[in-house]
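Numbered per mature numbering (1 follows the signal peptide of the UniProt record, and there is no 0), the sequence shown spans residues -32 to -1, 1 to 324. We put the beta carbon where it would ideally sit given N, CA and C, even for glycine.
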Amino acid sequence: MRMFPLDAFRRAWLPLAACLLLAAAAAGYVLAADGEKAEGPVLTVDGEAVTAMEFQAAMSRERIGVIQQFQSRYGAEFDQGFWQRRYDGQTPLEVLRQKALEQITKLKVQQIAAKREGIVTDISYDGFLKSREEENRRRQEDAGRGKVIYGPLQFGQEEYYQYTFSLMLTRLQERLAAGELASSPEEIDVFYEKNKNVLYRQTPSIRTRKLFISGSEGEAASLAKQAQAEAQQLQSLAEAAETMNGKVETDVQLFDAQTLRNDARYMPELLEAARRLAPGEISGVVPVAGGYAILQCVERQEGGYASMEQANEDIRSRLMEQKYESWLMDQVRRAKVETHREMLDSMDVQDSGFGG
């Protein structure tokens, strides 16, 4: 499970929850009925229990990926016996359980850290189910009173899990970014110098002369090749255009920071061609909407770099993402995971169609 940087989490939780719900629905996965309590533990992570219901929710998130993995690698057919059929000594169900175990360990160590930081007080699945029931009851009552309800009227289990987990994770990352995982000025300086050519180089200003031939394949394509060859020989797009007896159009086009958004959206092929040109250099024939174009760079001014101050927030976010990934790997590595083997081996796929 990849951890997003702080801003990305704020933007991403709703699409993420929607995708997970759609995947589970498409697969026919059945979760426990509303109001049901979580069963006994399948495993513990640093003493915190993971119930059967919680583990099966993790299995549902990994389910589609495991099916696709076995279909891609072995050409497996998803049928009645899919989950128990052996491929290279392992069944899809065994792989699914292992992936769910790895996922739930990552989730649980983050919940434990959030509890340690005082961000949450209850990280049990029973507590989560109770919280969801209370939230849905509150939303129903508010809707009945005519109050504005933000988000869904009622949260499903997986949707509410993703929502509450992402909020918790944002607060945890903020807390760690201000303390244990804070970036020093030296780290920011080093990151900036190491990555400025790739991440913080500003858009150059490139003035070009453009030759355009309208039409589709055939005569227009042939004429474009002729014009490009003539321009290369004369080292001048303008002089080449004069030899084409009015069959081409020419004008000047500027590519810079002001035009970047529209260039990238409406003429990405021309933008890419322009970026590759040195002053005086002539491009190849570029297929564009409505015909073909050829560019010659008239003038080029490099854009320099965004200042350290301008890049500071982005650098901190990127460093935090890197540090958090390392921190999380370390937490998982240190975690004491004790599985209840009989319970773990009983975890099956719950399909509305067919399964294990």
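Query                                                                                                              : Result
First and last residue of the uninterrupted alpha helix (DSSP H) at Pro153                                         : Pro153 to Leu167
Proximity below 7 Å, CB of Val305 to CB of Val13                                                                   : yes
Those runs of the alpha helix (DSSP H) which lie wholly inside the stretch 105 to 148 and span at least 4 residues : 125 to 145
Cross-strand partners of Phe46 (DSSP beta bridge)                                                                  : Paired residues: none, contrary to the question.
Coil, strand or helix - Ala199 by DSSP                                                                             : helix
Inter-residue Cα distance where the pair is Arg31 and Tyr129                                                       : 17 Å
Boundaries (first-last residue) of the beta strand (DSSP E) holding Val13                                          : Pro9 to Val13
Gln66: first and last residue of the uninterrupted alpha helix (DSSP H) it sits in                                 : Pro60 to Arg84
Three-pair Cβ contact test at 8 Å for the stretch 141 to 148 versus the stretch 258 to 275                         : no
Own chain residues within Cβ distance below 8 Å of Tyr160, not counting five before or after                       : Tyr168, Met276, Ala279 and Ile283
The alpha helix (DSSP H) enclosing Gln264, as first and last residue numbers                                       : It is not in any alpha helix (DSSP H) - Gln264 instead sits in the beta strand (DSSP E) that spans Gly259 to Gln269.
C-beta contact flag for Glu127 and Phe180 at 7 Å                                                                   : no
Contacting residues, own chain, Cβ-Cβ under 6 Å from Met311 (five flanking each side not counted)                  : Val10
Distance between beta carbons of Leu245 and Leu222, contact taken as under 8 Å                                     : Contact flag wrong, Cβ pair sits at about 13 Å.
Range covered by the alpha helix (DSSP H) that runs through Leu287                                                 : Met276 to Arg302
Cα-Cα separation, Met315 to Arg65                                                                                  : 7 Å
Segment limits, beta strand (DSSP E) that includes Ala17                                                           : Glu16 to Thr19
Per DSSP, the bridge partner or partners of Leu179                                                                 : Thr218 and Ile262
Status (buried if at least 16 other CB within 10 Å, exposed otherwise) for Pro153                                  : exposed
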